[in-house]
Amino acid sequence: MYFPDLTRRDEVDYHNNREVFYADYKKNHKKVAEDCKHRCVYCDITSEEYGGDDMQLDHFRPQEHFDNLKAHPHNLYLSCPKCNVLKTSDWPCQKNKDDAPSFVGGIGYLDRFERKAKEFLEVDVNGNIIHRAGPVNYMIKKMLLNRPSRVNVRRKRAIEDKKTKIIKGIARLADKLTQDEEQGKITREQRLERMKVIRRLSHMVKSV
Ligand SMILES: [Zn+2]
């Protein structure tokens with residue numbers, strides 16, 4: 414439900430018809446968005462939850478410190494505008510060395526294509542990101558990842574997930590009643606009576 418594992422497509426899939434990368438990095442938007450599963454790699458809000466197509470491309474290793482990665486699509490990560498602004502061109506680790514670690518100790522940034530987020534963080538029942546390891550605390554502080562708007566989005570997602578599970582459970586219960594009637598375990602009247610309760614419950618859940 415949160416921070417899924419990400420895999421990057423091959424470099425050649427980002428080539429233009431002259432078989433090189435686009436000089437204008439913004440032309441990679443659609444493919445980068447797909448690679449990032451249409452979520453901000455930092456706060457996890459989805460394009461849909463954000464309410465439009467305004468998600469941006471962040472240079473994970475900032476252009477200011479990694480001149481040669483400006484146009485490289487593997488350095489582009491989908492980000493909501495707010496996370497992009499808060500990250501700025503901050504890069505507390507070694508600069509101008511492409512393969513240097515993106516965090517050292519607890520300082521730096523988690524590369525979602527290199528490491529699985531689940532090993533470094535979890536999301537609690539209230540929607541807060543909880544640090545488990547690595548640079549998560551640094552990122553929470555620098556990028557305000559637990560700002561109220563994002564906590565609410567994550568909590569709402571958890572509620573919707575629970576609602577879906579409850580509705581599916583109710584549907585199974587209704588099927589069971591039908592079966593019970595067919596097998597003569599209950600009468601038609603008993604099934605109809607119980608279905609009234611089930612429908613009320615279902616309506617209540619959907620209206621939450
Ligand atoms: Zn974000």
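Sequential numbering of the sequence shown, starting at 414, is according to the numbering used here. C-beta: ideal position from N, C-alpha, C; glycine also.
Problem set entry | Collapsed DSSP secondary structure at histidine 451 in the structure displayed | Residue state, collapsed to three classes: coil.
Exercise. Near asparagine 570, which residues of its chain fall below 7 Å by C-beta distance, leaving aside the five closest residues on each side in sequence?
Worked result: Sequence check: residue 570 is arginine here, not asparagine. Around arginine 570: Met414.
Exercise. Can isoleucine 458 be considered in contact with ligand 1, in the sense that its beta carbon sits closer than 7 Å to one or more heavy atoms?
Worked result: The answer is yes for isoleucine 458.
Exercise. Quick one: Cα of arginine 550 to Cα of phenylalanine 434, how far?
Worked result: Here residue 550 turns out to be asparagine, not arginine, going by the sequence shown. Spanning the two alpha carbons is a distance of roughly 34 Å.
Exercise. With burial defined as no fewer than 16 other Cβ atoms inside 10 Å of the residue's Cβ, what is the status of arginine 431: buried or exposed?
Worked result: Result: exposed.
For this session: Ignore the nearest five residues each way along the sequence and tell me which others in tyrosine 427's own chain have a CB closer than 7 Å to its CB.
Result: So the list reads Phe434, Asn441, Lys444, Pro486, once near-sequence residues are dropped.
Problem set entry | Beta-carbon spacing of isoleucine 572, valine 618 below 8 Å | The Cβ atoms of isoleucine 572 and valine 618 lie no closer than 8 Å to each other.
Exercise. What residues in its chain sit with their C-beta under 8 Å from that of asparagine 539, if we drop five residues either side in the sequence?
Worked result: Once the five neighbours on either side are set aside, the close Cβ partners of asparagine 539 are Val564, Arg568.
Exercise. Would you say leucine 499 and lysine 554 are within 8 Å of each other, going by their C-beta atoms?
Worked result: It is not a contact, given that the beta carbons lie outside the stated cut-off.
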